[in-house]
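Q: Those protein sequences? They're chains A and B, same order as listed.
Once you know that position 52 of the first sequence is 51 in numbering that gives the first Met the number 0, the rest is easy, because the numbers rise by one and skip nothing.
Once you know that position 148 of the second sequence is 147 in numbering that gives the first Met the number 0, the rest is easy, because the numbers rise by one and skip nothing.
Each residue gets a CB set at the ideal place from its N, CA and C atoms; glycine is no exception.
Since the model is a prediction, treat every value here as computed from it, not as a measurement.
The structure is given below, and queries will be raised subsequently.
Number of protein chains: 2
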Amino acid sequence: MSQARQSAASTEAATESVLEDTRRANLARLFKPQSIAVVGASADSAKAGSQALKTLSRFPGKLVCVHPRETEIQGFTCYPSFADLPEPVDLAVLAIPAQHCVKAAAEAAERGVGGVFIVSGGFGETGAEGAKLQDALGEICARTGLRLLGPNTSGFVNPAAGCIASFVPGVDTIGTGHVSVVAQSGGVNLSLGYLLDRLGEGVSIAAGLGNAVDVGTRDMLDLLAEDENTRAIALHLEGVTDGRALFETLKRVTPRKPVAAVVAGRADIGEFAVSHTGNLMGSRERTVAALTQAGAVVVDTLDELAQAAAVFSRRRLQPKASNAMALITGQAGPGLLITDALKASGIALPELGPTTMEKIEALLPPMTFIKNPVDTGRPGPGFPEIVRAVAEDEAIDAVLVFGISEPSVLDPATALRPAEQATGKPIVFGTLGPAKDLEKAHDDLAVLGTPMAIGPDRLALAGVALDADARHQWRLSHAARTTLSPVREQLTGPFDESAAKQLMRSYGIAAPRSVLCKTREAALAAFGDLQKPLVVKIAAEDVPHKTEVGGVILNVRDEPSFSAALDRIAAIPTKTPNRVLIEEMAPEGVELIVGAVRDPSWGPCVVIGLGGVQAEAVSDSVVGLAPLSETDAAVMLEALRGKKLLDGFRGLPKCDRTAIASVAIAVGQLLLDHPEITEVEINPLRVNETSAVALDALVVFGEKS
Amino acid sequence: MSQARQSAASTEAATESVLEDTRRANLARLFKPQSIAVVGASADSAKAGSQALKTLSRFPGKLVCVHPRETEIQGFTCYPSFADLPEPVDLAVLAIPAQHCVKAAAEAAERGVGGVFIVSGGFGETGAEGAKLQDALGEICARTGLRLLGPNTSGFVNPAAGCIASFVPGVDTIGTGHVSVVAQSGGVNLSLGYLLDRLGEGVSIAAGLGNAVDVGTRDMLDLLAEDENTRAIALHLEGVTDGRALFETLKRVTPRKPVAAVVAGRADIGEFAVSHTGNLMGSRERTVAALTQAGAVVVDTLDELAQAAAVFSRRRLQPKASNAMALITGQAGPGLLITDALKASGIALPELGPTTMEKIEALLPPMTFIKNPVDTGRPGPGFPEIVRAVAEDEAIDAVLVFGISEPSVLDPATALRPAEQATGKPIVFGTLGPAKDLEKAHDDLAVLGTPMAIGPDRLALAGVALDADARHQWRLSHAARTTLSPVREQLTGPFDESAAKQLMRSYGIAAPRSVLCKTREAALAAFGDLQKPLVVKIAAEDVPHKTEVGGVILNVRDEPSFSAALDRIAAIPTKTPNRVLIEEMAPEGVELIVGAVRDPSWGPCVVIGLGGVQAEAVSDSVVGLAPLSETDAAVMLEALRGKKLLDGFRGLPKCDRTAIASVAIAVGQLLLDHPEITEVEINPLRVNETSAVALDALVVFGEKS
């Protein structure tokens, strides 16, 4: 490279790095502004711009308008254009029709505005015309470093900064808190904000991304990881186009801030979703797998999302493979339902140690159940000591306490404080009662930083969420190491079964001993070397479905039947050379399907499923993103609905889970190493006590390979 | 029968009928009292009795105390004993230790008190001593007609009657409403009361049954079916000992009043549950199946239970096999999540008719999605007309509307009233926003009787619950008719396979043609008559597991192999006569397991499961109570997770569902006809396009047969 060229390249790199810094700084200016300009406010108070201005009226920083003719609106100074602003604002709210937004954004960038928020729809979600406008906005951002929230969103709120950037009245009632919201949909963002407020929590920053031309989920996660007011993140996703990058971002963020997430797309809602976000929905199963693997806790509903995030903003468990909890109840019936929900989620409620039991027995009347859950009957004066004794039990990672409000016998803060102070373990309080009692309990516990949940179901959810977060973080701390790749050169397909198995073998995956024979003579020679019984299979590139043409003959034990098998295969008409693959038969075992596919958004994904039509009919399979760690693979196997098939079920052999895990890791690595391969499938993988053998293998090359 | 005997019997019947009338009248007196006496109140205000008296202080009827020494407590007159009461009270609250309750109950019965509520624990749940006391109470009730709520419960509330019979302070804040609560646990009853109150609904009667010595779930259901303030019932069950009777009661009640239910026992919580209720938990799966079949809507959590019952207290759908709903949203993101939840529950959101579409298109800006869901973007002035147009669509049974609060553009009552008035169809409103907006919306919609739900998840739940109720009621209206029983005489076991199949045949269940042969000569003679290939099986009463001893030889086609098969079976050592069953082989097909078991609580239950170890490993089976209707059986098949195996999956034949249903109905009828049989299992039932054939059958007789 010439010196001149080198210098040009390094100038370019420096420029890019400066731009990156600008973008990062402008993102923070957008969401934590000290000055704001509203474009599109007018004398007409029903207009979104006027509404936005009104909602912002309590903003403590500098608030002005940009208007071509007015000099003042709602008491705020107007400037005719961005160029006329006495100083560049951090945030400009564009409440003007789509077709005027590009010009406004360009002018804002020119004046040094940090970011703009575009209220209007009429962009990529409406068709080609809108997409052009959207592309133009994207170009301005990429070139100048201006940040853009939206278009097509209801905006964001940052109550602590007094910044309510939204045209929806009432949003300014959402309180200040420590949960931040990142939602692809503006409506979901508002929903979560209100739900959190109803829990008495409020939000730190809550943003709806809309069409996400510039500011996307990853930008928000990186911003919030650094935001000191944010202690937990509630994430809402619809379609994800940059899955792999999001996966990497989340892996960085979740160890610092707990993330709870909801993913749309449980049912087939493709058409509506396309129209809404302008994106195709990805596979929800893969999205959930990716988020979980990156350490987020995926829940099913917005109610659960708000509740889980609220709990996370107060407490988090240490990373651990599995957590043991204790439940202390004032009433047995709700206690039974909580126990039920915890156990159904696989949380252990172990018996308490003898020392703990002794302490509790001394404090409780004889008729109560004191193993775990500890049912106190009606709470008495010994309640705080019971909670403390249970929390001090070495086997217990967290304590859940449920009691219906009876202020005369149970004051929540008094009951929980000693246990928290003595152990530092998370104690979560669940309760129900008259509204004023709940408010008092909430306020008292907020001071202690103790999570509280209304009702038995939500207390159980708190336990389940804390456990999941700790398990996911433990898994993340055992993430995959970089593996040495056995085959680095680019491969050229198509591959027949023999070539496919050879590739598997090079990745350490066992396949039966076999010989590929081009002639009858070679076949007869190979026969003697192999251990009987054998399988004789057709090997012709134009015959992918061997069984259907009678090209697989099992249980061949002697020369006459071997000879007959060769005759049958020779008689099958083929276009490519008709060869035979002679293979030793594998020992009996449990059959699985292990494969890897290249997802357009998430990249290489590994799938493990149980074999057989019944398992297929119930869709019993699990997904993980490559590279998989041994822990990832073990967690995946544990998530199979029919996992008991692996453990010596009904006379089947107990399966070597480590061997299955190695195969799963290897097929993932194979896809990472070979971008020219789009799919690998081992079906079946036959597994017993000591081995996992690929009985058949398929390698699919991409069209461009 | 002699005349004297006849007369004595009829006198006895008349006495019983009078007692039954008394019991019914006393139950109503207990829960809707006009006079109450409290036993156990004292100068000590911390005592449960004093607390109960305080909680009752706003009772508008006559309120007195029974106390051996005091003349007045908290301003209420005291009488030394029940005998001294100037008139018998409707309800006596016994807040005294367990050991004094029997005497008090006897005295109350003697004085003509309607019912007593016993606060204390210390009865059946604590051991033999307590059980004795409990039995004595039961005896008094059975003999005198006195009704007893409890013991070991926190009581009941009837806010409309001003009757707060509970020692828990704060319960008097629960408002008056139209949902009644029946909970086995006092703590769950209070929880549900508070949860309903938080929904702005309140309760009609809310009772916790505790040990349920006398007043049980069935009594409550019958009472509430007649209670004019009760429009929906929220039911909580732990263990059910009288399942079959509860099933019959629910079948009567649910067509009159919608019932939502929660059943404890998702996980294995046996030990805790026993200690709590003194009952063994039954199989939760059977309980859920029974409740559903009787028309109740079973949900998973108390939050869902309160919400579903609240919706039911306002609206109910007509009984229908499946319901089509429309969703209208003000914001697309929440709309996507609602659509998701509805579709995941199998609710159809069909495209709207052309007339409807035309009307809506005229009212909406072009960029919105107007199929179904109808996404309005930000609600505009045409919103009420859109809701009406959608509701008027013939294909639509109910309309769900979601909009985040924006009072300036969307007033809920204005938006929904025209649609409701024009169509009478249920319209449910879901929303989120500042608390004061939600309160106003709630109050406005309460006047219209329109259900409202806070947030997208709860709106979806409302739709799912309404749909389930309508489907269950439709199923109930197609209940099983009495079947003529082919075999009425009592049978004597044990039955071998041949006898079992003969019994199946007599119930119309197909089995392969077969001959049971006691001698080799008979076998050889039978060989010629049967269609090949054949199965040759050992038939000896002491060999239940035929395959394990090599006693099943398949695919026998010619005389030499038949002869060899007979030799192999003859060589198997047996204690009972060694015979052979020669059977034609059934055509290929899908294998199911169909059986019936006699549940100690629910009586004869039918189980349908997919065959094979994989299906077994994922526990893919469904349960229904005999007698099954054809509709019941069809609904059960539809509930199999791997149901696609029945529909021509992966080259398997499409299964004759009617044939499977007939088998399921028949095995249920068999158990109803034959109390001496405890279990029947057909495994496998082999099914193809035209037939369902029992390849093996097992009949188990009870120990007393």
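#1: Can you tell me whether R22 of chain A is buried or exposed? The criterion is at least 16 other CB atoms within 10 Å of its CB, across all chains shown.
#2: State yes or no: is the beta carbon of F428 of chain B nearer than 8 Å to at least one beta carbon in chain A?
#3: For G667 of chain B, name the three-state secondary structure that DSSP assigns.
#4: When you compare the CB of D456 of chain B with every CB in chain A, is at least one pair closer than 8 Å?
#5: Determine, using beta carbons only, whether F700 of chain B and I664 of chain B come nearer to each other than 8 Å.
#6: Taking a Cβ distance cut-off of 7 Å, strictly less, list which residues of the stretch 630-649 of chain A are near chain B, in chain order.
#7: Taking only beta-carbon atoms, is V612 of chain A less than 8 Å away from chain B?
#8: Looking at the structure shown, is E582 of chain B part of a helix, part of a strand, or coil, going by DSSP?
#9: Within 8 Å, do at least three Cβ pairs link the stretch 683-690 of chain A to the stretch 654-669 of chain A?
#10: Check the C-beta distance from A233 of chain B over to V287 of chain B and give it rounded, since I have them as a contact under 8 Å.
#11: Which partner residues of A91 of chain B appear in the DSSP bridge assignment?
#12: Rounded to a whole number of angstroms, what is the C-alpha to C-alpha distance between A469 of chain B and L553 of chain B?
#13: Output, in chain order, the set of chain B residues within a Cβ distance shorter than 9 Å of D705 of chain A.
#14: Count the C-beta pairs between the stretch 300-316 of chain A and the stretch 351-364 of chain B that are closer than 8 Å, then say yes if the count reaches three, no if not.
#15: DSSP state of C100 of chain B, grouped into three classes?
#16: Are the stretch 460-478 of chain B and the stretch 247-261 of chain B touching, with three or more C-beta to C-beta distances below 8 Å?
#17: Can you pull the chain A neighbours of T172 of chain B, defined as C-beta to C-beta under 7 Å?
#18: For A478 of chain A, write down the residues that DSSP places opposite it in a beta bridge.
#19: Assuming the contact rule is C-beta atoms closer than 8 Å, L591 of chain B and L609 of chain B should be a hit. Round their C-beta distance to whole Å, please.
#20: Helix or strand or just coil, what does DSSP make of R470 of chain A?
#21: Using a cut-off of 8 Å between C-beta atoms, extract the partners of P333 of chain A located in chain B.
#22: Are L90 of chain B and F122 of chain B close, meaning C-beta to C-beta below 8 Å?
#23: List the residues of chain A whose Cβ lies closer than 9 Å to the Cβ of V310 of chain B, in chain order.
#24: Do you know whose CA, among B:P417, B:A397, B:V214 and B:A47, lies nearest S153 of chain B's CA?
#25: Is there contact here, the stretch 180-198 of chain B with the stretch 0-20 of chain B, by at least three beta-carbon pairs under 8 Å?
#26: State the start and end residues of the unbroken alpha helix (DSSP H) segment that holds L220 of chain B.
#27: Classify G588 of chain A as helix, strand or coil using the three-state DSSP reduction.
#28: Would you list, in sequence order, the uninterrupted alpha helix (DSSP H) runs of no fewer than 4 residues that lie entirely inside the stretch 111-175 of chain A?
#29: Should A614 of chain A go down as buried or exposed, given a rule of 16 or more other Cβ atoms within 10 Å for buried?
#30: Can you tell me which of the three DSSP states P333 of chain B falls into?
#31: Just the chain B side, please: which residues come within less than 9 Å of V202 of chain A by C-beta, in chain order?
#32: Within 8 Å (strictly less), CB to CB, does S404 of chain B reach chain A?
#33: What's the call for V17 of chain B, buried or exposed, on a 16-neighbour Cβ count within 10 Å?
#34: State the beta-bridge partners of H705 of chain B as determined by DSSP.
#35: If you count every other CB in all the chains shown that lies within 10 Å of the CB of A211 of chain A, and 16 or more means buried, which is it?
#36: Give a yes or no on contact between the stretch 528-545 of chain A and the stretch 563-580 of chain A, applying the rule of three or more CB pairs nearer than 8 Å.
A: With the structure as the only source:
#1: Result: buried.
#2: Cβ-Cβ to chain A under 8 Å: no for F428 of chain B.
#3: Per DSSP, reduced to three states, the secondary structure at G667 of chain B is helical.
#4: Cβ-Cβ to chain A under 8 Å: yes for D456 of chain B.
#5: The answer is no: Cβ separation not under 8 Å.
#6: Going along the stretch 630-649 of chain A in chain order, one finds R640, G641, K643, L644, F648 and R649 with a Cβ nearer than 7 Å to chain B.
#7: Chain B, which has a Cβ nearer than 8 Å to the Cβ of V612 of chain A, makes this yes.
#8: In this structure, E582 of chain B counts as strand in the three-state DSSP scheme.
#9: The answer is yes - the stretch 683-690 of chain A touches the stretch 654-669 of chain A, with three or more Cβ pairs under 8 Å.
#10: Rounded, the Cβ-Cβ distance is 16 Å, inconsistent with contact.
#11: Answer is B:A36 and B:V115.
#12: Rounded to the nearest whole angstrom, the C-alpha separation of A469 of chain B and L553 of chain B is 49 Å.
#13: Outside the displayed range of chain A (0 to 704) lies residue 705 of chain A, so it cannot be described from this structure.
#14: With the cut-off at 8 Å, the stretch 300-316 of chain A and the stretch 351-364 of chain B do not touch.
#15: In this structure, C100 of chain B counts as helix in the three-state DSSP scheme.
#16: At 8 Å Cβ cutoff, the stretches touch.
#17: Within chain A, the C-beta atoms nearer than 7 Å to that of T172 of chain B come from P433, in chain order.
#18: Bridge partners of A478 of chain A: none, in fact.
#19: For L591 of chain B against L609 of chain B, the beta-carbon gap comes to about 6 Å, under 8 Å, which counts as contact.
#20: R470 of chain A: helix per DSSP, three-state reduction.
#21: P333 of chain A reaches chain B at S184, G186, V187, S190 and L301, counting residues in chain order whose Cβ is nearer than 8 Å.
#22: No Cβ-Cβ contact shorter than 8 Å links L90 of chain B with F122 of chain B.
#23: Neighbours of V310 of chain B on chain A: none; closest Cβ ~16 Å, over 9 Å.
#24: Ranking B:P417, B:A397, B:V214 and B:A47 by Cα distance to S153 of chain B puts B:A47 first.
#25: Contact annotation: the stretch 180-198 of chain B does not touch the stretch 0-20 of chain B, with fewer than three C-beta pairs closer than 8 Å.
#26: Start and end: T216 to E225.
#27: In this structure, G588 of chain A counts as coil in the three-state DSSP scheme.
#28: Counting whole runs of 4 or more residues, the stretch 111-175 of chain A contains the alpha helix (DSSP H) stretches 127-143.
#29: A614 of chain A should be labelled buried.
#30: In the structure shown, P333 of chain B falls within a helical segment according to DSSP collapsed to helix, strand and coil.
#31: Those within 9 Å of V202 of chain A in chain B number zero; the least Cβ separation is about 14 Å.
#32: It does: the Cβ of S404 of chain B has a partner Cβ on chain A nearer than 8 Å.
#33: With fewer than 16 other Cβ atoms from the protein chains shown falling within 10 Å of its own Cβ, V17 of chain B counts as exposed.
#34: Past the edges of chain B, shown from 0 to 704, lies residue 705 of chain B, and the structure says nothing about it.
#35: Buried, because 16 or more other Cβ atoms sit within 10 Å of the Cβ of A211 of chain A.
#36: Output reads yes: the stretch 563-580 of chain A touches the stretch 528-545 of chain A.
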